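Count along the sequence shown from 1, then add 78; that gives the number in the working numbering.
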Amino acid sequence: MNKTVNINLAGIFFHIDEDAYLKLQRYLEAIKRSFTDSQGRSEIIADIETRIAELFNERVQNDKQVIRIKEVDEVISIMGQPEDYLVDDDIFEDDSNASFSKKQTTASSRKLFRDTDNSYIGGVSSGLGHYFGIDAVWIRLAWVLLIFGAGTGILLYILLWILVPEAKTTAEKIMMTGEPVTISNIEKKIKDSFENVSETVSDVAKNVSDSISGAAKNVSDAAKNVDLKKPANSIKSSSKTFFDTLADIFMFFIKLFAKFIGVILIIVGAVTLITLIIGLLSVGVVDIIHLPGLDLVDIANAGNTPIWLVSLLSFFAIGIPFFFLFYLGLKILINNLKSIGNFAKFTLLGLWLISIIALFVVGIRQASEHAFDESYTTKTELPVTSLDTLSIKMISNDNYNPHFYKNNHGFKLAHDEDGNKIIYASDIDIRVKSTTDSVATIAIRKRADGRSYEVARERAKNIDYHFDFNDNTLSLNAFLSTHPENKFSDQEVDVTLYIPENTVVYFNNSTRSFLYYRTYEGNLISRDDTNHYMKILNNEAVCLDCSENDFDVQVDTPKLKIDSNGIEIKSDDAHLKIDSQGVKASSNDVNVNIDSKGIYVKSDN
Numbered sequence: 079m080n081k082t083v084n085i086n087l088a089g090i091f092f093h094i095d096e097d098a099y100l101k102l103q104r105y106l107e108a109i110k111r112s113f114t115d116s117q118g119r120s121e122i123i124a125d126i127e128t129r130i131a132e133l134f135n136e137r138v139q140n141d142k143q144v145i146r147i148k149e150v151d152e153v154i155s156i157m158g159q160p161e162d163y164l165v166d167d168d169i170f171e172d173d174s175n176a177s178f179s180k181k182q183t184t185a186s187s188r189k190l191f192r193d194t195d196n197s198y199i200g201g202v203s204s205g206l207g208h209y210f211g212i213d214a215v216w217i218r219l220a221w222v223l224l225i226f227g228a229g230t231g232i233l234l235y236i237l238l239w240i241l242v243p244e245a246k247t248t249a250e251k252i253m254m255t256g257e258p259v260t261i262s263n264i265e266k267k268i269k270d271s272f273e274n275v276s277e278t279v280s281d282v283a284k285n286v287s288d289s290i291s292g293a294a295k296n297v298s299d300a301a302k303n304v305d306l307k308k309p310a311n312s313i314k315s316s317s318k319t320f321f322d323t324l325a326d327i328f329m330f331f332i333k334l335f336a337k338f339i340g341v342i343l344i345i346v347g348a349v350t351l352i353t354l355i356i357g358l359l360s361v362g363v364v365d366i367i368h369l370p371g372l373d374l375v376d377i378a379n380a381g382n383t384p385i386w387l388v389s390l391l392s393f394f395a396i397g398i399p400f401f402f403l404f405y406l407g408l409k410i411l412i413n414n415l416k417s418i419g420n421f422a423k424f425t426l427l428g429l430w431l432i433s434i435i436a437l438f439v440v441g442i443r444q445a446s447e448h449a450f451d452e453s454y455t456t457k458t459e460l461p462v463t464s465l466d467t468l469s470i471k472m473i474s475n476d477n478y479n480p481h482f483y484k485n486n487h488g489f490k491l492a493h494d495e496d497g498n499k500i501i502y503a504s505d506i507d508i509r510v511k512s513t514t515d516s517v518a519t520i521a522i523r524k525r526a527d528g529r530s531y532e533v534a535r536e537r538a539k540n541i542d543y544h545f546d547f548n549d550n551t552l553s554l555n556a557f558l559s560t561h562p563e564n565k566f567s568d569q570e571v572d573v574t575l576y577i578p579e580n581t582v583v584y585f586n587n588s589t590r591s592f593l594y595y596r597t598y599e600g601n602l603i604s605r606d607d608t609n610h611y612m613k614i615l616n617n618e619a620v621c622l623d624c625s626e627n628d629f630d631v632q633v634d635t636p637k638l639k640i641d642s643n644g645i646e647i648k649s650d651d652a653h654l655k656i657d658s659q660g661v662k663a664s665s666n667d668v669n670v671n672i673d674s675k676g677i678y679v680k681s682d683n
C-alpha cells in the first residue's frame with residue numbers, strides 16, 4: 079500500500095504517489111539550483127513546471143488516476159536532467175557548433191498555436207506557418223484568395239481565431255516550432271527574448287548573461303561528479319526492441335489515418351456551413367426585396383410560416399451538427415485545440431433541439447393544411463338531346479401551358495388580364511356517363527384541401543373554372559385558377575357529363591390528356607376514343623366511325639418481343655414466332671410451321 083499526495087502543478091491538480099512525488103521534488107529543486115541568480119529564473123521555472131504539468135496531463139486518463147514513478151521517469155527523460163547541459167553561451171550558437179549533448183534527441187511534433195508575436199490580426203497565419211513549416215506570407219496569400227474568391231476565408235479565419243489557443247508561455251512557443259520542450263530549449267528561448275530587448279535595457283541583458291554563465295559554471299562543476307555509467311545505462315534502457323518499433327510503425331499509420339479522417343471532417347463541415355450561410359443570406363435577401371422566385375415558395379407554404387424563420391431554423395438544425403463535425407476534425411488534427419467550453423456546447427445543443435422541435439411543429443402545421451378534403455359541386459343543363467351530336471374540346475390560356483403542368487401535377491403563378499397574380503393549375507379530369515334524362519347535364523365538382531372542413535370547402539368554392547356552350551360545341555377550360563391567398567392546396571376539378579342515351583359525342587384530340595386511359599366505374603369514354611364519333615347507349619359507348627380492321631390484341635404473357643424482325647411470344651409451354659420466313663408455333667403436343675413451302679403440322683398424338 080503506497081501513500082498518495084495531492085499537488086498543484088502550474089494550476090493543475092494531480093494525485094501522485096509519494097515516492098514519485100519525492101523524485102519529482104528532487105528533480106525540480108535540482109533545476110532551480112541550476113538557475114540560481116539567473117535573470118528570468120522565475121519565468122524559466124514556471125515554463126518548466128507548465129510543460130511538466132502538460133506531460134502529466136497527457137498521461138492521465140481520468141481525474142482519479144495516480145501518477146507513479148514510471149510517469150515521472152518518462153517526463154524526466156523528455157525534459158532532460160540539469161547536469162546533461164553545459165549552460166553557457168555556446169548553446170545559443172548554431173547546432174553544428176554546440177558543445178552540449180541532449181539525452182532526448184527526438185523532436186516532438188509541432189502543435190498549432192496562434193503566434194501573436196508575429197501577427198497582423200490574430201496570429202493565425204503565423205501559427206499555421208510554423209505548423210506546416212512554410213513562410214507565413216503564403217498562408218496570408220491563401221486567406222486573401224479565399225476571402226476575395228468566394229468569401230469563405232472570413233468564416234474559417236474567425237473559427238481558427240476562436241478555437242486555436244495563443245502561444246503565451248515559452249514552452250508553447252517552443253512546441254509551436256516543433257522543437258522538443260527541454261530545459262535547454264526553454265532557457266535558450268528566454269535568452270533569445272532577452273537579447274531582442276532594446277538598448278535601454280542592455281544592462282539588464284548583461285546581468286542575464288552573467289547569471290546564465292554563473293549557472294553554467296555551477297552545472298559544469300556538478301557535471302564533474304556525474305557517473306559516466308548513467309548515460310550508458312540510460313541509452314541502454316531507452317533502446318527500442320524490434321516489437322516496439324513495429325508498434326510505433328503501426329501507431330504511425332493509425333495516426334495518419336486519423337489525420338486523414340480529420341481533414342475529411344473539416345472539409346465536409348466547412349463546405350456545409352458555408353453553403354448554409356450563403357443559402358440563408360440568399361433567402362433573406364430574396365425575402366426582403368421580394369424577388370419573384372420566392373412567390374412560388376410562399377404559395378406552397380399553406381401554413382403561412384415566415385420563410386426567413388424556416389430558413390433560420392433549418393440553418394441551426396443542419397449547421398450545428400456539421401459545426402461539431404468541423405470541430406471534431408480540428409480536434410483530431412490539433413491536439414492542443416482550445417475547447418469551446420461547456421456553456422457554448424450546451425447552448426448549441428439547446429439551440430439545435432429547439433430548432434428540431436420548431437421544424438417539427440412547422441411540418442405538422444404544414445401537413446395539417448392538407449388534413450381535410452372538401453368539395454363544392456355545381457350542375458348546369460345543356461340543350462343537347464338524343465338527336466344531337468355534341469362536340470367537346472379544351473381551351474388553353476396564353477400565359478399557361480396546361481398540358482405541361484397536367485403531366486407534372488404542378489401549378490404556375492401568373493397574371494391575368496388586369497395584372498393580378500393568379501394561381502393556375504391543370505388538375506382537371508373528364509368523365510362521361512349515360513342518363514335517361516331528355517337533356518344533357520354538366521356537373522363541375524371543385525375540390526381542395528384545408529386544415530378544417532370549413533377552410534377546405536371555402537378554398538374549393540374559390541376555384542374559378544369556366545366552360546362555354548355554343549352551337550352544340552362544349553368548350554371546357556384546360557385550366558383552373560384561384561387567388562394566391564388560397565395557397566396551393568391540391569385544387570382540382572372533376573367534370574362529369576351526363577349524356578342522354580342515343581346521343582353522339584365527339585371528343586377533340588385536345589381532351590385526350592384529360593380523359594382517363596380506360597373506362598371504369600361508369601365512365602364510358604377513354605383516351606382511345608378521342609377523334610371518333612361515339613354513340614352513348616345504356617352504360618356503354620359504341621364507335622360509329624371505327625374501321626372494321628381496327629381491333630385490339632391482348633397477350634397475357636411475360637415474354638413478348640416485337641421488333642423489325644417480327645413477333646415472338648414465349649410462355650412456359652408454348653412458343654410462337656411470326657417473321658418474313660412464315661409462322662412457327664409449337665407446344666407440348668403440336669408443332670406448326672407455315673411458310674412458302676406449305677403448311678406442316680406435327681402432333682404427338
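Virtual Cβ for every residue (Gly too), placed ideally from N, Cα, C.
Remember, predicted model here, so these are calculated numbers, not experimental data.
Can you tell me the Cβ-Cβ gap for T194 and E244, rounded? I've got them flagged as a contact below 8 Å.
-> For the purposes of this step, residue 194 is identified with residue 116 of the sequence shown, where counting begins at 1. For the purposes of this step, residue 244 is identified with residue 166 of the sequence shown, where counting begins at 1. Between E244 and T194 the Cβ distance is about 5 Å, and since that is below 8 Å, they are a contact.
Burial state of P578, where buried means 16 or more other Cβ atoms lie within 10 Å | For the purposes of this step, residue 578 is taken as residue 500 along the sequence shown, with counting starting at 1. Answer is buried; the Cβ neighbour count reaches 16.
Cβ-Cβ distance between A220 and N196 below 8 Å = As a first step, residue 220 must be located in the sequence shown, where it is residue number 142. As a first step, residue 196 must be located in the sequence shown, where it is residue number 118. With respect to the 8 Å criterion, A220 and N196 are not classified as neighbours on the basis of their beta carbons.
Helix or strand or just coil, what does DSSP make of R129?
-> Position 51 of the sequence shown holds residue 129. Three-state DSSP puts R129 in a helix.
Tell me N86's beta-bridge partners as DSSP assigns them.
-> Within the sequence shown, numbered from 1, the residue matching residue 86 stands at position 8. DSSP lists F91 as partners of N86.
Whole angstroms is fine: what's the gap from K110's alpha carbon to I332's?
-> For this step, residue 110 is matched to residue 32 along the sequence shown. For this step, residue 332 is matched to residue 254 along the sequence shown. K110 and I332: Cα-Cα distance of roughly 40 Å.
Could you work out which residue in F330, N498, A521 is closest to T560 when comparing CA atoms only?
-> Residue numbering aside, residue 560 sits at position 482 when the sequence shown is read from its first letter. The residue with the shortest Cα to Cα distance from T560 is N498.
Would you say I614 and T581 are within 8 Å of each other, going by their C-beta atoms?
-> Reading the sequence shown from its first residue, position 536 is the one you call residue 614. Reading the sequence shown from its first residue, position 503 is the one you call residue 581. At the C-beta level, I614 and T581 come within 8 Å of one another.
Are the beta-carbon atoms of L431 and G347 separated by less than 8 Å?
-> By 1-based counting over the sequence shown, the position of residue 431 is 353. By 1-based counting over the sequence shown, the position of residue 347 is 269. Using a Cβ distance threshold of 8 Å, L431 and G347 do not count as a contacting pair.
Count the other CB atoms within 10 Å of the CB of S625; is the residue buried (16 or more) or exposed (fewer)?
-> As a first step, residue 625 must be located in the sequence shown, where it is residue number 547. It is exposed - the Cβ of S625 has fewer than 16 other Cβ atoms within 10 Å.
Answer yes or no: do A395 and S360 have a C-beta to C-beta separation smaller than 8 Å?
-> By 1-based counting over the sequence shown, the position of residue 395 is 317. By 1-based counting over the sequence shown, the position of residue 360 is 282. Contact check for A395 against S360 fails: the beta carbons are separated by 8 Å or more.
Could you name the residues of the same chain whose beta carbon sits closer than 6 Å to that of G644, not counting the 5 residues immediately before and after it, in chain order?
-> Position 566 of the sequence shown, counted from the first residue, corresponds to residue 644. Same-chain partners within the cutoff: I656, D657.
Exposed unless 16 or more other CB atoms sit within 10 angstroms - verdict on T425 = Looking up residue 425 in the sequence shown gives position 347. By the C-beta density criterion, T425 is exposed, having fewer than 16 other C-beta atoms within 10 angstroms.
Put G600 into one of helix, strand or coil per three-state DSSP.
-> For the purposes of this step, residue 600 is taken as residue 522 along the sequence shown, with counting starting at 1. Residue state, collapsed to three classes: coil.
Alpha helix (DSSP H) runs wholly inside the segment 432–460, at least 4 long, in chain order = Segments of the alpha helix (DSSP H) lying fully in the segment 432–460: there are none.
Bridge partner(s) assigned by DSSP for G497 | Locating residue 497 in the sequence shown gives position 419, where the first residue counts as 1. Residue pairing by DSSP leaves G497 without any beta bridge partner.
Alpha-carbon spacing of M254 relative to P384, whole angstroms | As a working mapping, residue 254 is identified with position 176 in the sequence shown. As a working mapping, residue 384 is identified with position 306 in the sequence shown. The straight-line gap from Cα to Cα measures roughly 49 Å.
Alpha carbon to alpha carbon, how far is E563 from W386? Give it in angstroms, no decimals.
-> Taking the sequence shown and counting its residues from 1, the one referred to as residue 386 is at position 308. Taking the sequence shown and counting its residues from 1, the one referred to as residue 563 is at position 485. A straight-line Cα-Cα distance of about 19 Å links W386 and E563.
Tell me F331's beta-bridge partners as DSSP assigns them.
-> Within the sequence shown, residue 331 is the residue found at index 253, counting from 1. Assignment of beta-bridge partners to F331 by DSSP yields no partner.
Nearest-angstrom beta carbon gap, R192 and G200 [assumed within contact, 8 Å] = To locate residue 200, count along the sequence shown from 1; it is residue 122. To locate residue 192, count along the sequence shown from 1; it is residue 114. At roughly 6 Å, the Cβ-Cβ gap stays under 8 Å, so G200 and R192 are in contact.
Label V571 either buried or exposed according to how many other C-beta atoms from any shown protein chain fall within 10 Å of its C-beta, with 16 as the threshold for buried.
-> Position 493 of the sequence shown, counting from 1, holds the residue named residue 571. So V571 ends up on the buried side.
Local Cβ density within 10 Å of R525, reported as buried at 16 or more and exposed below that | Locating residue 525 in the sequence shown gives position 447, counting from the first residue. Within 10 angstroms of the beta-carbon of R525 lie 16 or more other beta-carbons, which makes it buried.
Reduced DSSP category for I508 - H, G, I as helix; E, B as strand; rest coil = Locating residue 508 in the sequence shown gives position 430, counting from the first residue. Three-state DSSP puts I508 in a strand.
Do Y502 and A518 come within 8 Å of each other at the CB atom, strictly closer than that value?
-> Within the sequence shown, the letter at position 440 stands for residue 518. Within the sequence shown, the letter at position 424 stands for residue 502. A518 places its beta carbon 8 Å or farther from that of Y502.
May I ask you to list the residues that DSSP assigns as paired with T467?
-> Here residue 467 corresponds to residue number 389 of the sequence shown, with the count starting at 1. The partner list for T467 (beta bridge, DSSP) reads V582.
How long is the line joining the alpha carbons of L602 and N540, rounded to whole angstroms?
-> The count along the sequence shown starts at 1 and reaches residue 602 at position 524. The count along the sequence shown starts at 1 and reaches residue 540 at position 462. Rounded to whole angstroms, L602 and N540 show a C-alpha spacing of 30 Å.
Please report the Cβ distance between V661 and V668, rounded to the nearest whole angstrom; I am assuming they are in contact, meaning their Cβ atoms lie under 8 Å.
-> Numbered from its first residue, the sequence shown carries residue 661 at position 583. Numbered from its first residue, the sequence shown carries residue 668 at position 590. Going by Cβ atoms, the distance from V661 to V668 rounds to 13 Å, so no, they are not a contact pair.
May I have the straight-line CA-CA distance separating W239 from S203, to the nearest angstrom?
-> Against the sequence shown, residue 239 aligns to sequence position 161. Against the sequence shown, residue 203 aligns to sequence position 125. Looking at the two C-alpha atoms, the distance is approximately 10 Å.
Where does the unbroken alpha helix (DSSP H) through F404 begin, and where does it stop?
-> Locating residue 404 in the sequence shown gives position 326, where the first residue counts as 1. Start and end: 385–411.
For T455, which residues from the same chain have a beta carbon less than 8 Å from its beta carbon, with the 5 sequence-adjacent residues on both sides left out?
-> Position 377 of the sequence shown, counting from 1, holds the residue named residue 455. Contacts found: A521, I522, R523, K524.
Which partner residues of E570 appear in the DSSP bridge assignment?
-> Within the sequence shown, numbered from 1, the residue matching residue 570 stands at position 492. DSSP links E570 through a beta bridge to R525.
Would you kindly report the start and end of the unbroken alpha helix (DSSP H) that includes S155?
-> Numbered from its first residue, the sequence shown carries residue 155 at position 77. It spans 147–157 - the alpha helix (DSSP H) in which S155 sits, taken as one unbroken run.
Cutoff 8 Å: F566 Cβ touching any chain D Cβ | No chain D appears in the structure shown, which is made up of a single protein chain.
Straight-line gap, F330 to I342 (C-alpha atoms, nearest Å) | Residue mapping note: residue 330 aligns to position 252 of the sequence shown, counting from 1. Residue mapping note: residue 342 aligns to position 264 of the sequence shown, counting from 1. Using only the alpha carbons, I get a separation of about 19 Å.
R537, DSSP secondary structure in three states = Start at 1 with the first residue of the sequence shown, and residue 537 comes out as number 459. In the structure shown, R537 falls within a helical segment according to DSSP collapsed to helix, strand and coil.
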